[in-house]
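Here this note's numbering = 1-based position in the sequence shown + 673. Here a beta-carbon is modelled for each residue, glycine too, at the ideal position from N, C-alpha and C. All values derive from a computational prediction rather than experimental measurement. To keep things clear, I will list the structure first and then write my remarks on it.
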Amino acid sequence: MANYKKEMLESEMKKIITRGFSELKDPRIKDKMININFVRLSGDKSYLDVYVSSLDEDVDTIIDVLNNAKGMFRTLIAKNIDIYKAPEIRFHKDEGIEASIRINQLLETLKEKRSEDDE
Numbered sequence: 674m675a676n677y678k679k680e681m682l683e684s685e686m687k688k689i690i691t692r693g694f695s696e697l698k699d700p701r702i703k704d705k706m707i708n709i710n711f712v713r714l715s716g717d718k719s720y721l722d723v724y725v726s727s728l729d730e731d732v733d734t735i736i737d738v739l740n741n742a743k744g745m746f747r748t749l750i751a752k753n754i755d756i757y758k759a760p761e762i763r764f765h766k767d768e769g770i771e772a773s774i775r776i777n778q779l780l781e782t783l784k785e786k787r788s789e790d791d792e
């Protein structure tokens with residue numbers, strides 16, 4: 674049952690952080706498509722790791738801006754979820770999408786090479 678509650682907390686925190694993106698005033702992330710791929714709450718609920726990706730090339734800049742604003746996100750969580758202590762938030766770049774794109778490109782290259790060899 675404890676696992677279920679943890680998953681529910683992660684889901685709610687993800688929603689709150691996503692809504693918080695609209696409150697950020699930093700021009701470096703204005704009009705950027707930011708996606709939270711998944712969140713992971715630590716076992717003692719003191720840390721929330723948020724894995725972010727974006728279609729823009731400057732994901733590292735987006736991560737820096739989000740890490741600078743993590744206090745605002747923590748406050749939003751504290752105000753909207755009734756928990757003893759709001760977790761410390763850490764934003765990370767999600768490398769999964771980039772790895773998928775690289776694998777797809779490699780497969781396409783191999784496919785082209787194979788078709789050239791067959792000719």
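Look at the beta carbons and you see the segment 779–792 not touching the segment 738–755: under three pairs across the two are nearer than 8 Å. Under DSSP, R763 forms a beta bridge with D722. Between Y757 and R775, the alpha-carbon positions lie close to 43 Å from each other. I756 carries a coil assignment under DSSP once its states are collapsed to helix, strand and coil. Taken through DSSP and simplified to helix, strand or coil, S715 comes out as coil.
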